Each structure stands twice: as structure tokens, then as C-alpha cells.
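Beneath this line is the structure, given in C-alpha cells, with notes to follow.
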């Protein structure tokens, strides 16, 4: 639609029996095709005029005044001209009130109005000017005002599109819509996200007959033939004679089918239908359709009702609606605007798996998403992390080594913990996939594989892998089992790297694609142990955070741990903490040693600092002042109403994230500063 300036003029229509009704229009050239004047039924100004007729200026034709709720009584004069032959809304009004349809345009854009020879054959633009002059001459023009309104234009050539009524072929939809509504109401047909179910049902319940004929060069010819006597009949095969009169002079209709009619047949026509083929029996119906919301009505709904009509079965049971990928600035991707991104370029830089994971994570919520190379790169780094973990585990394995059994009697707490976490992640991923909610599944696999498995568990078992004793085989068997299972869970999202790494691990079968889907094992999920390990890892993270703000020389300093937690009270738990946090845990720190303190729940870790710990207090104070200046600057920017109103949403969100990060860092520094000052 293009905004087009025109002159908007109220015209005076004499009412039959006396009086005048004023009608405003931005399309004076179509008034010669008017067959009525419409007012709102509750508009008190026209209550007494409803049912009467008015004299149409220029053509001097009587047309009725009708009451219709489609009229906006607060717009213009509240009375509108009705031209059913050249306006979609007017066509609907005309149908409701049985108004005749006049076509006052030829296909070449010239006026078709023989009753006014002066206008007949005139181009539309010229007729618009001439009719205003004729209204003025008749005293039927009250005034002219500038007015902008939207006019349809062809997106290819830019020509103005004029609505016209023409003879077309239609499909009666009510009989087809009923079964299609039923399968959605009884959950045979499911939508993800579920809100699209209501959109589908709303369209189906208010469906109108479908115009299936198109005046195009390419497409499936409409299977309708007309004989020399004017009988039009639809045939499946080429007919030899008219079934009504026997005439053998038959001509096929030149129109082609709407492309969406042809597309609606795709799920079964591609499998050999209407023949009863092996492919049709095997592959119809299928299970899942992944598609865009823009074609929910154009394609999805039509595949459903045609499938029910022709094969008595819906073509799929689940419809996954994905969002649209927008440019990084939020605009739609477009070649002409230069906002498009070639996915092959992205795949070349980051890999197909990373690109696929990003699309799966952000594209299945049904919401539009902004393209982000940074997030795609994060999945490329994730794939690298999996490669490194696999290299570590297969380093000492002979080629073609068979799967290794796990001796449960030799499991350490860390082994039981990682197996229990794997079981919990398997359950979450499976449930998320069943809901077609891939984001939580990808999040869980990313966090588990990267942090819990690679950063924590593999670090814990490195000494055992090098020990060469009975614990080595157990650690190796557990680690390989966890990684192999994780790759199977990841395979639907990142198929290439998961297949490649799975082939390098001990495995059974030809390909990961044929491997069974993992199942959770509640018997290995020791809730108490997982809570204990979770707390220990929280302590590790806080100690690691301390290293980001404390002198690196403190990394190898001794530490004192005080905790009532069972695992941290045991030697194995303290060994885990020492390994992951790079600490030397002693009973007590030397008297007078400067300290930095980490407190997590009931656990306290006192980390020894170098002898010149007094400088640590000064350093912490300087860093806190730096953070506070950063916080003040960001807060001043965010409190500026002009900035938050005019800056792009992404920029404002980025500043808010910076503020949260700076405030968190400052809070941690205050805690460390208090302890260091007290103990230094």
C-alpha cells in the first residue's frame, strides 16, 4: 500500500421526498458505479433516512440508503458511498443488502460507463478530475480537502491496483472446514507454540469460499471444460463430449489453479496419489511440519482439509511454527535493502552445526529473532569444547576399542554425581523435545557438557586417568559413557559433530543415527549427593570469581575451609575443591597472614594472600572506585528519558546489562574489601 495525496470532497446527494445527505469520498471516479449509500444503524442523524433512496449525481440514478455496522459513524459525515464492483468492503456491504454490482472500469484502466458518453473510455485519472468538475457544475459538491489514503500498488511494476469483480472458480469451504476444525479441537492436530491453535481455529470458523482460479501463464490448468452450448463441467480426465448435451466441441478453461491449491496437494501428490503406491502407504501421514506463521492459512490449513477430504487423514499431527530471522538491527532481511545474510557464508565461518543450533534455539518459540553472529560463534566454541573432551578421552584408547563396562562398586562420589546429572539432563532434553521446545534442551546440553562435564568432571578425573590403577578404568568408562550419551542427545541439534565424535568413541552400531535414544535412570540420581556436589561447585565458582578480582599470586596460596556440609567435611570432597579451585587446603592458615574470604551458605573459605596483603586492600579499593564510576556513568545515561526513548532497544538493553554486571562486581569487591581490611 502506498500513501497517495488526493482531494477529499463531501458530495451532496438529494434524498427522495426532500432533503440532502452529504457523502464524503476520496474516489469520486467510482461514484458512477455506486449502488447504495450506507450509514450506521445507530447513527441518530440518519435514522429517518434508512430505507429511502437518493439521487446519484452525474448519472442521475436512484440508489437506496442502507444501515450497516461496517460504517464508522465518527469518520467524515458518517455516510459512505457503496461501490460493490470496486471495493472489497463495499462488496461485503452490497452482499448483505443485495445491492447490484456495476463494473465501471475496463481491464485497460479506462472508464466503462456508456450512460455518460463524456466519461466513457476516459482514463481513470482524467475521469477523477472531470467528475469533480461535473459535481461542481450540478451544485452537488460541498467542498474539497487534501487527504492522504493508502492505495494498493503492484510490488513489481508499481502500477495502481484497482479492485474489480470478475468471474472466477471457487471452492465451497464450509463442508471442508468442519472436519479440519474437529481435528484441532480434539488434539489430533497440535500446534507449537499452542497459541497458533486458536489462530487456526479462528480462521477456519470464519472461513469464506476460496477463489482458486488465476489468470497466469504457469500453473495447473483448471479441469473445467465448456461445450459449444455453454455448459461448463469439471472432469478428472480429458472429456470426449459434454455430459449434459453430448456436444463434442469442448474448450478447457484457460485459467490455472491458485498455487496454494496445488501446494495443498503436496503431502500426498508427491507420493503417487491418487494411485495407491507403496510410498503413499509408508509416508502418509507424516508426523511434524515445521513452517512459518505467514503460511499458516495459505498452506498449512489447506493441506489439512484437503488431506482429510481425499485420504480421510491429516497429513501431519504436529505443526511447529518458527519465527522470522531479522537483521541485527531488527529490520526484515532484504536483498534490495542490503540487510540480508547468506546462510552459506555463516556456515562457512562457523559451521553447519553452530548455525543449526542457533536456529533451533532461537527459532522455535514462534517469535521473530535478530540475527547474531556472536551467539552462533558461541555454539562453534561449544563444538570445539566437545572435540577437546573427546581427544582427552580417546588419547590412550586403542583403535576400535569396544564400549567399556562401568564397575559400580568402584564409583567415586564424582562419578555417581555426573551419572545422576546426565540422567536428569536426559529427562529434561527428552521432555523439551516432546514439547518441541528446543531452547531449554539446548541450554541444558550446553551447560552440562561444557561446565559440569568438561570443566568440572574431567578436571576432577585427570589425576585418576594418569594414575594407571583400578580407578583409571572406572573414571575412563564413566567419562566415555557420559560423553557418548551426551552426543546422542545432541545429535538432532548438531548432527555432524556428534556423528564425527561418536565414531571416535567406543560404540556399537554403524552410525549414531541408528543408536537408541537415551533414557533417564532414576536409580543413579542420588539427590543428596547432587545437592552436596552442587554446593561444592558453588564454592568453586565463588573462589574462581575471587581470582578475577584478586592478585594472581594468591592462586597457589594455602586455604582454610570451614563447612558443616558432609562432602566438604570428607577428604574426597576437599580433594575435589582443591583440584577445581586450585587450592592447597590446610587445617589453619599461618597467623597474621593476609586473607581474602569467600562465604557460600554455611561454608567459609579463607584464602591466604601474599605477605604484602596490605597492598591488596588498596588495590581492591581502587578497583571498587573504578567500578563505582562506571555504575554512575551508566545510571546517568539510563535515567536520561531522551536516551531510553530514542536509542534502539538493543542499545538500551546492552546498557542495562552492563549496569547489572558492574553492580554485581562492585558488590563482590565490597565483600572482599571488608574481609581483607579486617584480616589484613
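In this note's numbering, the protein residues as written are 1 to 680.
Using N, Cα and C, we set each Cβ at its ideal position, and we do this for glycine too.
Just so you know, these numbers come straight off a predicted model, no measurement behind them.
| Query | Result |
| --- | --- |
| Buried versus exposed call for residue 501 [16 or more other C-beta atoms within 10 Å across all chains shown] | buried |
| Length of the line joining the Cα atoms of residue 306 and residue 487 | 40 Å |
| Residue span of the beta strand (DSSP E) that contains residue 290, given as start and end | 288–292 |
| For residue 533, the three-state DSSP class (helix, strand or coil) | helix |
| Collapsed DSSP secondary structure at residue 691 in the structure displayed | Any question about residue 691 goes unanswered here, given that the chain covers just 1 to 680. |
| Nearest candidate by alpha-carbon position, reference residue 447, set 407, 382, 475, 503 | 382 |
| Same chain, Cβ closer than 7 Å to residue 564, neighbours up to 5 away in sequence not counted | 602 |
| Spatial neighbours of residue 490 in its chain, beta-carbon cut-off 6 Å, leaving aside the 5 residues before and after | 445, 498 |
| Buried versus exposed, by CB contacts within 10 Å (16 or more), residue 169 | buried |
| Cutoff 8 Å; reference residue 641; Cβ partners in own chain excluding five residues on either side | none |
| Beta-carbon spacing of residue 452, residue 406 below 8 Å | no |
| Buried or exposed (CB count within 10 angstroms, at least 16 for buried), residue 363 | buried |
| Rounded distance between the beta-carbons of residue 71 and residue 78, thought under 8 Å | 7 Å |
| Closest Cα partner of residue 521 within the set 339, 430, 589 | 430 |
| Cβ pair residue 196, residue 297 closer than 8 Å | no |
| Sequence-distant residues of its chain with Cβ nearer than 7 Å to residue 357 (five each side left out) | 379, 442, 493, 494 |
| Three-state secondary structure assigned by DSSP to residue 586 | strand |
| Supposed close pair residue 171, residue 210 - CB separation, criterion 8 Å | 4 Å |
| Reduced DSSP category for residue 191 - H, G, I as helix; E, B as strand; rest coil | strand |
| Touch test, the region 365–380 against the region 310–329, Cβ-Cβ under 8 Å, three pairs minimum | yes |
| Start-end ranges of the alpha helix (DSSP H) lying completely within the region 318–374, minimum 4 residues | 343–350, 352–363 |
| For residue 145, the three-state DSSP class (helix, strand or coil) | strand |
| 8 Å contact criterion, which residue 49 and residue 15 should meet: CB distance rounded | 6 Å |
| Collapsed DSSP secondary structure at residue 109 in the structure displayed | coil |
| Residue 83 (DSSP reduced to helix, strand or coil) | coil |
| Candidates 312, 26, 542, 639: closest to residue 667 by CA position | 542 |
| Where the alpha helix (DSSP H) through residue 140 begins and ends | Taken as a continuous stretch (DSSP letters only), residue 140 belongs to no alpha helix (DSSP H), as it is neither H nor E. |
| 8 Å Cβ cutoff met for residue 413 and residue 572 | yes |
| contact_flag[the region 223–234, the region 264–277] where n(CB pairs < 8 Å) is 3 or more | no |
| 4-residue-minimum alpha helix (DSSP H) runs that sit fully inside the region 200–246, ordered along the chain | none |
| Contact between the region 205–220 and the region 232–248 (3+ Cβ pairs under 8 Å) | no |
| 8 Å CB neighbourhood of residue 37 in its chain, flanking five on each side removed | 13, 21, 23, 54, 63, 64, 65, 66, 79, 80, 81, 82 |
| Cα-Cα separation between residue 525 and residue 471, rounded to whole angstroms | 21 Å |
| Beta strand (DSSP E) segments (min. 3 residues) lying fully within the region 636–662 | none |
| Nearest-angstrom Cβ-Cβ length linking residue 449 and residue 392, presumed shorter than 8 Å | Wrong, their Cβ atoms sit about 13 Å apart, outside the cutoff. |
| Contacts around residue 549, its chain only, beta-carbon distance under 8 Å, and the 5 residues preceding and following it disregarded | For residue 549, the pLDDT reaches just 49, beneath the cut-off of 50, and the residue's location in the model is therefore unreliable, leaving the point undetermined. |
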